[in-house]
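**Student:** Per the numbering used here, the very first residue in the sequence shown carries number 694; after that it's consecutive.
Quick reminder that beta carbons are idealized off the backbone N, C-alpha and C, glycines included.
None of the values given here were measured: they were computed from a predicted structure.
Structure in structure tokens, see below.
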Amino acid sequence: MLPVPIFYLIPGLGADGRVFHYLRLQGEVHVLHWLPPHGAREPLPHYAARLAAAVPVEQACWLVGVSFGGVLALALGELRPLARVVLISSLASPRELPWVANLARATGLHRLLPMRWLALGPRVAQWFFSVENDAEYQLLRAIIRDTDLRLARWAIGQIVHWSGSSGIPVARIHGTHDRLLPRGAAHSHYQLPGGHFIIVSRAVEISQLLNYLAAPAAFAPQPAPTG
Numbered sequence: 694m695l696p697v698p699i700f701y702l703i704p705g706l707g708a709d710g711r712v713f714h715y716l717r718l719q720g721e722v723h724v725l726h727w728l729p730p731h732g733a734r735e736p737l738p739h740y741a742a743r744l745a746a747a748v749p750v751e752q753a754c755w756l757v758g759v760s761f762g763g764v765l766a767l768a769l770g771e772l773r774p775l776a777r778v779v780l781i782s783s784l785a786s787p788r789e790l791p792w793v794a795n796l797a798r799a800t801g802l803h804r805l806l807p808m809r810w811l812a813l814g815p816r817v818a819q820w821f822f823s824v825e826n827d828a829e830y831q832l833l834r835a836i837i838r839d840t841d842l843r844l845a846r847w848a849i850g851q852i853v854h855w856s857g858s859s860g861i862p863v864a865r866i867h868g869t870h871d872r873l874l875p876r877g878a879a880h881s882h883y884q885l886p887g888g889h890f891i892i893v894s895r896a897v898e899i900s901q902l903l904n905y906l907a908a909p910a911a912f913a914p915q916p917a918p919t920g
């Protein structure tokens, strides 16, 4: 009997398992929930090591990270050699960060912004995430409302100063019109019509891709590019 695929899903900044509600995965599914950071300066590798406690070292599995969750998936992948990493609407290198992140790195601007502004801009986020209907908007609005602002400040600082991963192999799924991380589409293996919220708006297609990747017959060194 072939082993059942095991998926560990890591949501984006401030999000939780709600963004994975529409996925239909053929295997064992676990959502890794965000942990409170140990102080504003906890290093990303240290945080990742705490999160990795939920993933057995000897387990072959799939680490699926969305947006900032993809950065965590890369860090976990360095700690779990039997795991494979899939990035959705995420980035694999600091070179893919938008210009505003580079500006924040140079000026420290992100440290001056009050985190409560996150709760004031769901309509702005609607545009950046390319939300397509009212149901998606209500979900995004609820996620923003429930965001832990302390975690958000820590995560923004980590992504601004992120130095990248060790170059572990990944499969990448990205929206063709991602306004938040526009550079990611050019480096993705699978491009889907949509923006940063494709984990919801293209859940059917993403489910099909993840099930395909996790099938034993699809264990190839590098998935074939499409689009």
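1. Near Ala741, what residues of its chain come up, given a Cβ to Cβ distance below 7 Å and the 5 sequence neighbours on each side ignored?
2. When the Cα of Leu775 is compared with those of Pro787, Ala848, Tyr701, Ala785, which residue comes out closest?
3. Spatial neighbours of Ile899 within its chain, please: CB distance less than 8 Å, with the 5 preceding and 5 following residues excluded, ordered by chain position.
4. Which runs of the alpha helix (DSSP H), 4 residues or longer, sit entirely within the segment 812-880?
5. Assign Leu702 to one of three DSSP states: helix, strand, or coil.
6. What are the boundary residues of the alpha helix (DSSP H) that Ala896 is part of?
7. Are the CB atoms of Ala785 and Val863 nearer to each other than 8 Å?
8. Looking at the unbroken alpha helix (DSSP H) that takes in Gly762, where does it start and where does it end?
9. Hey, could you find the ends of the alpha helix (DSSP H) His723 is sitting in?
10. Taking its Cβ as the centre, do 16 or more other Cβ atoms sit within 10 Å of Gly710, making it buried, or is it exposed?
11. Compare the Cα-Cα distances from Ala878 to each of Glu789, Gln901, Ser894 and report the closest residue.
12. For Ala848, does the count of other Cβ atoms within 10 angstroms reach 16, so buried, or fall short, so exposed?
13. Near Ser858, which residues of its chain fall below 6 Å by C-beta distance, leaving aside the five closest residues on each side in sequence?
14. Express the C-alpha separation of Ile699 and Pro749 in angstroms, rounding to a whole number.
15. Residues in the same chain with beta-carbon distance under 7 Å from Ser894, minus the five sequence neighbours each way, listed in chain order, please.
16. Once you ignore the five residues that flank Gln719 on each side, which residues in its own chain have a CB closer than 6 Å to its CB?
**Tutor:** Judging by the given coordinates:
1. Leu765, Ala768, Leu769, Leu772
2. Tyr701
3. Sequence-distant partners of Ile899 (beyond 5 residues in either direction) whose C-beta falls short of 8 Å from its own C-beta, in its chain, are Leu716, Ile781, Ile866, Leu885, Ile891, Ile892.
4. 815-821, 827-838, 842-853
5. strand
6. Per DSSP, Ala896 belongs to the alpha helix (DSSP H) from 896-907.
7. yes
8. 761-772
9. Run containing His723: none in the alpha helix (DSSP H); it sits in the beta strand (DSSP E), 721-724.
10. exposed
11. Glu789
12. By the Cβ-count criterion, Ala848 is buried, with 16 or more other Cβ atoms from all chains shown falling within 10 Å of its own Cβ.
13. Counting only Cβ-Cβ distances below 6 Å, and skipping sequence neighbours, we find Leu767.
14. 11 Å
15. Glu825, Glu829, Gly887
16. Closer than 6 Å at the Cβ level, and outside the excluded window around Gln719, lie Asn904.
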